[in-house]
Every structure is written in C-alpha cells, then in structure tokens.
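J.:
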Amino acid sequence: MTAENEGPGRGDAGALNADLYPDLVKLGGLASALIHTSQDNGIELGRVRPGSGSKEAEFVSAASDSDRGSALINLGVDRRWFSISIENDVHSWASGGTDDIVSTVKMLDAWRRGVTLQELNTLFPYMHFDEMAQAYETGDPVATQWNQLLTDGDPFFSQALLQKIHSNDRLRTLFPFLSHGTLRLARDHTDRTAGEIWITPLRAGGHRVESTTPGEQEKIIEPFDQLIEAAVEFLDRP
Numbered sequence: 047m048t049a050e051n052e053g054p055g056r057g058d059a060g061a062l063n064a065d066l067y068p069d070l071v072k073l074g075g076l077a078s079a080l081i082h083t084s085q086d087n088g089i090e091l092g093r094v095r096p097g098s099g100s101k102e103a104e105f106v107s108a109a110s111d112s113d114r115g116s117a118l119i120n121l122g123v124d125r126r127w128f129s130i131s132i133e134n135d136v137h138s139w140a141s142g143g144t145d146d147i148v149s150t151v152k153m154l155d156a157w158r159r160g161v162t163l164q165e166l167n168t169l170f171p172y173m174h175f176d177e178m179a180q181a182y183e184t185g186d187p188v189a190t191q192w193n194q195l196l197t198d199g200d201p202f203f204s205q206a207l208l209q210k211i212h213s214n215d216r217l218r219t220l221f222p223f224l225s226h227g228t229l230r231l232a233r234d235h236t237d238r239t240a241g242e243i244w245i246t247p248l249r250a251g252g253h254r255v256e257s258t259t260p261g262e263q264e265k266i267i268e269p270f271d272q273l274i275e276a277a278v279e280f281l282d283r284p
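Using the numbering used here, the first residue of the sequence shown is number 47, and each one after it goes up by one.
1. Work out the CA separation of residue 118 and residue 147 for me, nearest whole Å.
2. In this structure, does DSSP put residue 212 in helix, strand or coil?
3. If contact is defined by three or more beta carbon pairs under 8 Å, each pair taking one atom from either stretch, is the stretch 169 to 181 in contact with the stretch 198 to 212?
4. Is it buried or exposed, residue 57, if we count other Cβ atoms within 10 angstroms and call 16 or more buried?
5. Go through its chain and collect everything with a Cβ distance to residue 64's Cβ below 8 Å, but skip five positions before and after it.
6. What does the Cβ neighbour count give for residue 104, buried or exposed, with the cut at 16 atoms within 10 Å?
7. Can you look up residue 116 in the DSSP assignment and give me helix, strand or coil?
8. Just the Cα atoms here: how many angstroms apart are residue 121 and residue 176?
9. For residue 215, tell me which candidate among 189, 205, 127 and 224 has the shortest Cα-Cα distance.
10. Cutting at 6 Å between CB atoms, please list the residues of its own chain near residue 86, excluding the five before and the five after it.
11. How many angstroms separate the CA atom of residue 170 from the CA atom of residue 115?
12. Would you list the residues sitting across from residue 131 in a DSSP beta bridge?
13. Quick one: residues in its chain with C-beta nearer than 7 Å to the C-beta of residue 253, no 5 flanking neighbours on either side, listed in chain order?
14. Using DSSP bridges, identify the partner residues of residue 246.
15. Using the rule of at least 16 other Cβ atoms within 10 Å of the residue's Cβ for burial, across every protein chain shown, is residue 84 buried or exposed?
16. Assign residue 155 to buried or exposed, taking buried as 16 or more other Cβ atoms, counted over all protein chains shown, within 10 Å of its Cβ.
17. In three-state DSSP terms, what is residue 265?
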C-alpha cells in the first residue's frame with residue numbers, strides 16, 4: 047500500500063475537528079487514517095493521497111485511485127461524515143456517504159476489486175448511482191443521453207430541432223449535451239479531446255454551427271436541413 051507523501055504528520059492536523067474526528071487527529075489526517083484502517087482490516091487500498099488545493103485539504107480530504115476512476119472522500123463539518131464521490135475524467139460513477147470509516151474503506155476496496163454499480167449499492171446502500179452511470183457501465187451512454195434529452199427537453203433549445211438532429215443516422219452516434227443554450231455533440235464520449243460540433247440558436251434567427259476541430263470553424267445556418275448538412279460536413283472532416 048502506498049500513499050503520496052504518506053499523508054500529513056500526526057502533529058499537524060489542526061484543521062480537523064477533534065470532537066468529531068479524534069481518531070483522524072491521532073493518525074494525522076484522513077489519508078493516513080484510511081491507510082491505517084485498511085491495514086488493520088487486512089485490506090489493500092493501493093494508492094491513497096491527501097487532498098490538494100490548500101493546507102487544510104491535506105487533512106480533511108483524500109483520494110483513492112483505481113483503474114475505474116478515483117474515489118474522492120471529504121469530511122463533514124457539522125457532523126462526523128465521510129462524503130464519497132467516485133468519478134473518472136468523463137463522468138461520475140456513484141456517490142454517497144457514511145459516518146463509518148471502516149465501511150468507507152471496505153467500500154473503496156469493493157470498488158477497486160470490480161463490483162458492479164448494483165453490487166456496490168447492495169453491499170453499501172448509502173452509495174447511489176444514476177441512469178447515465180449505469181449506461182456507461184453497460185456500454186450504451188450515447189443512446190441513454192439522447193433519450194434523456196428528448197424526454198426531458200430544454201427551455202433554451204428547440205425540441206423539434208433536437209428530434210431533427212437525432213433523426214440523422216450520423217449525428218445520432220454523437221454524444222449530446224446542452225450547455226448554456228448550445229447543443230454540443232461529442233465525437234467520442236470517452237475522450238474530451240476528440241472534438242465536438244456545437245449548434246447554437248441565434249437571437250436574430252437561424253443557428254450557428256461550429257466545429258472544435260481544425261479547419262473552417264463555423265457557419266451561420268437558417269433552414270433546418272442545411273443545418274444538418276453543415277453538421278455532417280464538419281463531422282466528415284479529420
């Protein structure tokens with residue numbers, strides 16, 4: 047088992063509430079406490095690192111890394127609580143919390159060993175996941191994301207246009223998400239650097255179609271059919 051810098055020193059844990067976390071104060075912070083708890087229970091957690099961003103974060107937050115993403119753990123302020131979020135570079139897997147550090151360590155171990163999301167929830171009911179996380183696990187996040195957009199709608203984007211874009215065989219294979227009134231179509235839902243096509247309604251009418259990949263960057267389109275053609279044209283560029 048390894049810990050980046052092996053956590054903060056035992057005498058430097060002033061950021062911790064000694065009334066709520068006397069064990070963590072004694073051990074020098076959250077990361078060190080997770081390591082000691084795992085060792086006491088015969089569990090191998092792999093790499094555990096203290097939180098970053100401030101001196102206080104070193105004591106009250108930690109991360110446990112695995113091939114499936116990082117589990118981020120933060121301490122509660124008003125009560126003893128281990129708040130947990132499991133995520134990777136693209137999406138969130140599951141989140142939850144407990145007041146039990148032993149249960150936290152066992153949950154981290156189960157996740158590293160490859161339990162499914164449903165198994166994780168069964169073993170640790172305080173860990174929850176949503177439909178999109180399940181879709182990423184089963185391998186069909188694009189269809190699920192389209193279904194959510196078409197079902198829920200958006201006040202800043204035309205539902206008719208969403209349906210029109212979805213009806214195109216090429217564009218339907220892209221991962222869609224709405225941000226600040228713009229529909230973003232990601233070429234690869236597993237790689238944020240792979241490029242996107244953006245479609246934005248304009249106040250004066252028509253739409254702006256953009257590509258984040260090199261080459262011609264945008265076009266102003268009015269008819270729906272030309273909008274689809276422009277988006278596909280951008281998609282065909284390397």
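Quick reminder that beta carbons are idealized off the backbone N, C-alpha and C, glycines included. Given the structure is predicted, the values throughout are model-derived calculations rather than measurements.
T.: By the coordinates alone:
1. 14 Å
2. helix
3. no
4. Here residue 57 scores only 42 on pLDDT, less than 50, and its place in the model should not be relied on; the value that follows carries that caveat. Looking at its Cβ environment, which holds fewer than 16 other Cβ atoms inside 10 Å, residue 57 is exposed.
5. 71
6. buried
7. strand
8. Distance between the alpha carbons of residue 121 and residue 176: 23 Å.
9. The shortest C-alpha separation from residue 215 is found at 189.
10. none
11. 18 Å
12. 118 and 141
13. The beta carbon of residue 253 is closer than 7 Å to those of 245, 246, 247, 267 and 273 in its chain, skipping five residues each way along the sequence.
14. 254
15. buried
16. Of the residues assessed, residue 155 falls on the buried side of the cut-off, its CB having 16 or more other CB atoms within 10 angstroms.
17. strand
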